[in-house]
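Engineer: In this note's numbering, the protein residues as written are 246 to 389. Beta carbons: idealized from backbone N, C-alpha and C, even for Gly.
1) Under the DSSP definition of a beta bridge, which residues are partnered with residue 373?
2) Would you grab the beta carbon distance between residue 340 and residue 329 for me? Rounded to a whole angstrom, and I think it's under 8 Å.
3) Would you identify the three-state DSSP class for residue 288, choosing helix, strand or coil?
4) Might you give, ordered along the chain, the residues of its own chain that have their beta carbon closer than 6 Å to the beta carbon of residue 298, omitting 5 neighbours on each side?
5) Does the separation of the CB atoms of residue 272 and residue 301 fall below 8 Å?
6) Could you tell me which of 342, 389, 327, 360 sits nearest to residue 377, measuring between CA atoms?
7) When the Cα atoms are used, what is the spatial distance from residue 323 to residue 274?
8) From the DSSP output, which residues share a beta bridge with residue 353?
9) Exposed or buried, which one is residue 373 when buried takes at least 16 other CB atoms within 10 Å?
10) What would DSSP say about residue 278, mapped onto helix, strand or coil?
11) Per DSSP, what kind of secondary structure is residue 283 in: helix, strand or coil?
12) With distances taken Cα to Cα, identify the nearest neighbour of residue 280 among 292, 313, 296, 294.
13) Is the Cβ-Cβ distance between residue 305 and residue 285 less than 8 Å?
14) Taking the continuous alpha helix (DSSP H) assigned at residue 311, which residues delimit it?
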């Protein structure tokens, strides 16, 4: 009896984990509210306020933020599809992390670690120009 209970518990855990992983797979910004970055303090969104855009689920902390996003999603999307701008300058695609970010000239940039953020902020215009060139190159290579 005890063995059966353990086996059933393990099977249930596997199903629960796979359902969780499946739901998180298409989740943008690990559930952070992208609009909140533009307000200066990123906060986690909640599943009650979500939108599906560009093949991903976006969570928001309020209906107002969700509605603002849906009016102009391209304005709020992180540059380089959320890849780290600093790594991109070096020709690498590295996921940006939600806690390392900067909004500059109306655009959200994610970085992959604290050092990358510090270096990125030293000369934003020059770094963005270099990252833009690399991003364009990556996009062209993806088409081919």
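Structural biologist: Taking the coordinates as given:
1) Taking the first residue of the chain shown as position 1, residue 373 is located at position 128. None; residue 373 has no bridge partner.
2) Sequence index remark: in the chain shown, residue 340 carries index 95 (1-based). Sequence index remark: in the chain shown, residue 329 carries index 84 (1-based). Indeed, because the Cβ distance is near 7 Å, the residues count as touching under 8 Å.
3) As a position in the chain shown, residue 288 is number 43, starting the count at 1. Secondary structure at residue 288: coil, using DSSP grouped into helix, strand and coil.
4) As a first step, residue 298 is located in the chain shown; it is residue number 53 there, counting from the start. Residues 318 of the same chain have their beta carbon placed closer than 6 Å to that of residue 298, with the five preceding and five following residues left out of the count.
5) Within the chain shown, residue 272 is the residue found at index 27, counting from 1. Within the chain shown, residue 301 is the residue found at index 56, counting from 1. Their beta carbons are under 8 Å apart, which means residue 272 touches residue 301 by this criterion.
6) Locating residue 377 in the chain shown gives position 132, where the first residue counts as 1. Of 342, 389, 327, 360, the residue nearest in Cα terms is 327.
7) Within the chain shown, the letter at position 78 stands for residue 323. Within the chain shown, the letter at position 29 stands for residue 274. Approximately 9 Å between the Cα atoms of the pair.
8) For the purposes of this step, residue 353 is identified with residue 108 of the chain shown, where counting begins at 1. Residue 353 is bridged to 348.
9) Taking the chain shown and counting its residues from 1, one reaches residue 373 at position 128. Residue 373 comes out buried.
10) Indexing the chain shown from 1 puts residue 278 at position 33. It is coil, neither helix nor strand.
11) Looking up residue 283 in the chain shown gives position 38. DSSP, reduced to helix, strand and coil, places residue 283 outside both helices and strands of the structure shown, so it counts as coil.
12) Along the chain shown, read from residue 1 onward, the residue named residue 280 stands at position 35. It is 313.
13) Indexing the chain shown from 1 puts residue 305 at position 60. Indexing the chain shown from 1 puts residue 285 at position 40. Cβ distance not < 8 Å, so residue 305 and residue 285 don't count as in contact.
14) For this step, residue 311 is matched to residue 66 along the chain shown. Residue 311 -> alpha helix (DSSP H) spans 308-316.
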